[in-house]
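Read in order, the letters of the sequence shown are residues 67 to 545 in my numbering.
The beta-carbon is built from N, C-alpha and C at its ideal position, and this holds for glycine as well.
Presented below is the structure to which this report refers.
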Amino acid sequence: MFTVNYSRSLENFLKTIPFIDELQELPQEIEEFAGAIIGFSSAELIRDIINSFYRFFDQVNDQVFQILETISGINLENFVYLIRWDGHNDLERWKLVLPDGTPIKIKQTIHQIGISRDYVVLMDTAFITGIEQIINNPIPENKELEQLLRELLEKAPNPDSAIYIVRRQDLTRGQYLALGEEEVKVVAQQLTIPIEAAHFLMDYENPNGEMTLHIAHICAWNVAEWMHPYDVSPYQDCSFVSQRIHAMESSEMDISRLGRYVIDAEQGELVKSQLVSETPSTWGTGLYAFLDRLPSGKPPSRLDNIYWASLGLWEELMTEFGRELFEDYKYRAIPIDEVLELAKKGIPSSLFRVDTNKMVLEDSYQFPTGYIGSSPQFIPKQDSDGNSTDGYLICTVFTPENSEFWLFDGKKLSQGPVCQLSHPSLNFGFSLHTTWLPAIGHRQAKYNIPVSLDYQAVVNQQSDSMIRELFEKEIYPHF
Ligand SMILES: [Fe+2]
């Protein structure tokens, strides 16, 4: 198993704050608003604090960071370790560096990694976490302060995707930190693909060192953002968003695109790019499903068909904050005013299949108005021939009344669900990723780190007795 351990330094973190110039241009209304409601003399105070931070971190050089690190004992470095685990022994790791020897810096997040026969791929994804998510709610009772902080601290995700390619051949023997071994470095090639993304898939085979990536570009959409009680509609009445959707994902501000990329992994160069987008299917496309295992138990060599689910476009989920954040989006396909109009009419949630050889949407289904289909999962038929459409798609469906599971024939999405499952006691929140197993059995692995051993030190620090109780009564006895 491959995974990663990465850290963004405080400096890197602070640099996600919009530039000082932008802060200087804060609209007068926000300052007045803050002055009137927060009780601060004006928002200028917060701005001054942030500017001071900025100036400080801009001036200090690497040496100062090293001194701070020594004094505090806290690691302030940017680092990315690729970790390999054989399922039994200690974790083995490599520090990833660029060809010039400098450590890789992750500017946003690593949301997913990809593996092919000869390469491991990491992506700096647009599932952005920044300082605003860490300190978004310093005074829980004060919603106005929270809103102001978001205005000040959040910027749009990077509109491009940085990927890092590691040769598996170079991963001969890494560092076993648990054994006190010396650090081992390995070089990763860097490549930038236009347009942001959170999820991507890779073909397992990479003939002649050419890998194929399948990427969902979540254009002008910060999926780590959510509907706050203080969010207002971008439409004329500027009303507050309805309470029933607080904490829900906000809508995208442009149509999503699906990309297929052939990359020369040795040179770190793009060989071929294909993009597809289509109304109504590719509005808010993020979650995928595919045949991930052949009847032989091996991964398919190529992903010929990939199923995707889209959120659609919802008037209720449009916010003024999102409109402003993505007004000048670099890769805009549909003008923002048109996006707002389309949302007013509503674009339904979709489930569709892309034939990756032709890069066309071959089959699609639109959910009824007011419904959202999410968490698509491919289930191969019992006597499956290994064909990538020979199976069922199950997904969660949120209807205006309840939550359900719908089952589709993988070859005939457009005909609608073959089965809809519901129950009076089946009621769950919005769902994202899923998995499927042909059978459930008892755990057989011997490797086990008890949850209490892993968490108790942190739980002990909690002043809220409810959190301690939750762990003691609901978690430890079961895991
Ligand atoms: Fe995800």
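- In this structure, the beta-carbon distance from Thr345 to Ile445 does not fall below 8 Å.
- When the five nearest sequence neighbours on each side are left out, the beta carbons in the same chain lying within less than 6 Å of the beta carbon of Trp160 are those of Leu148, Gly240, Val250, Val252, in order along the chain.
- In this structure, Ala264 has its beta carbon less than 7 Å from a heavy atom of ligand 1.
- Where Val250 is concerned, there is no enclosing beta strand (DSSP E), because DSSP gives it neither an H nor an E.
- When the alpha-carbon of Leu267 is set against those of Thr348, Leu257, Leu357, the nearest one is in Leu357.
- For Leu479, the three-state secondary structure derived from DSSP is helix.
- Between Ile194 and Glu276, the C-beta spacing is not below 8 Å.
- Counting C-beta pairs with one atom in each stretch, the segment 310-323 and the segment 401-419 have three or more that are closer than 8 Å, which means they touch.
- Taking C-beta atoms as the reference points, Glu382 and Ile311 count as a pair closer than 8 Å.
- For Pro361, the three-state secondary structure derived from DSSP is coil.
- Val187: member of the beta strand (DSSP E) spanning 185-191, first to last residue.
- When rounded, the separation of the alpha-carbon atoms in Leu341 and Ala523 is 48 Å.
- For Val463, the enclosing beta strand (DSSP E) starts and ends at 457-464.
- By the C-beta density criterion, Ser529 is exposed, having fewer than 16 other C-beta atoms within 10 angstroms.
- The continuous beta strand (DSSP E) containing Ile445 extends over residues 438-446.
- Here Phe471 is not near Leu459, since their CB atoms are 8 Å or more apart.
- Note on Thr462: 16 or more other CB atoms within 10 angstroms of its CB, so buried under the neighbour-count rule.
- Lys410: member of the alpha helix (DSSP H) spanning 402-411, first to last residue.
- The DSSP-derived three-state label of Tyr296 is coil.
- Non-local C-beta neighbours of Thr500 in its own chain, meaning closer than 6 Å and more than five positions away in sequence, comprise Ser441, Gln443, ordered along the chain.
- Contact check between the segment 474-482 and the segment 388-406: fewer than three CB pairs, one atom from each, fall below 8 Å, which does not count as touching.
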